[in-house]
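If you're matching positions, the sequence shown starts at 4 in our numbering and goes up one per residue.
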Amino acid sequence: MDIRRVKQILTSPEDITVHYNGASVWIDSCDEQGNTATVHLRERHVDKNTVPVDQLQEL
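This is how it looks when you write it as structure tokens:
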């Protein structure tokens, strides 16, 4: 995935399925400079991680 698509997903009213390392995640924010996104597992809202956007997959 690229940063442009991450930004589209963040602003979309739809529930778009995104996976990171095989797990379903919710994108909380993105950092265009670092080309990263802050995500959390859909089941666990407290465990947030910053990951490279190119490792996110839209399903």
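Note that the Cβ used here is the ideal one computed from N, Cα and C, for glycine as well.
Going by DSSP in three states, residue i sits in which element: helix, strand or coil?
| i | result |
| --- | --- |
| residue 50 | coil |
Which residues does DSSP pair with residue i in a beta bridge?
| i | result |
| --- | --- |
| residue 41 | 32 and 53 |
| residue 61 | 21 |
| residue 27 | 22 |
Below 8 Å between beta carbons: does that hold for residue i and residue j?
| i | j | result |
| --- | --- | --- |
| residue 30 | residue 49 | no |
| residue 40 | residue 27 | no |
| residue 44 | residue 9 | no |
Please check the pair residue i and residue j, which I expect to be a contact at CB under 8 Å, by giving their CB distance rounded to whole angstroms.
| i | j | result |
| --- | --- | --- |
| residue 6 | residue 38 | 6 Å |
Near residue i, what residues of its chain come up, given a Cβ to Cβ distance below 8 Å and the 5 sequence neighbours on each side ignored?
| i | result |
| --- | --- |
| residue 62 | 20, 21 and 22 |
Apart from the five residues just before and just after residue i, which ones in its own chain have a Cβ nearer than 6 Å to its Cβ?
| i | result |
| --- | --- |
| residue 36 | none |
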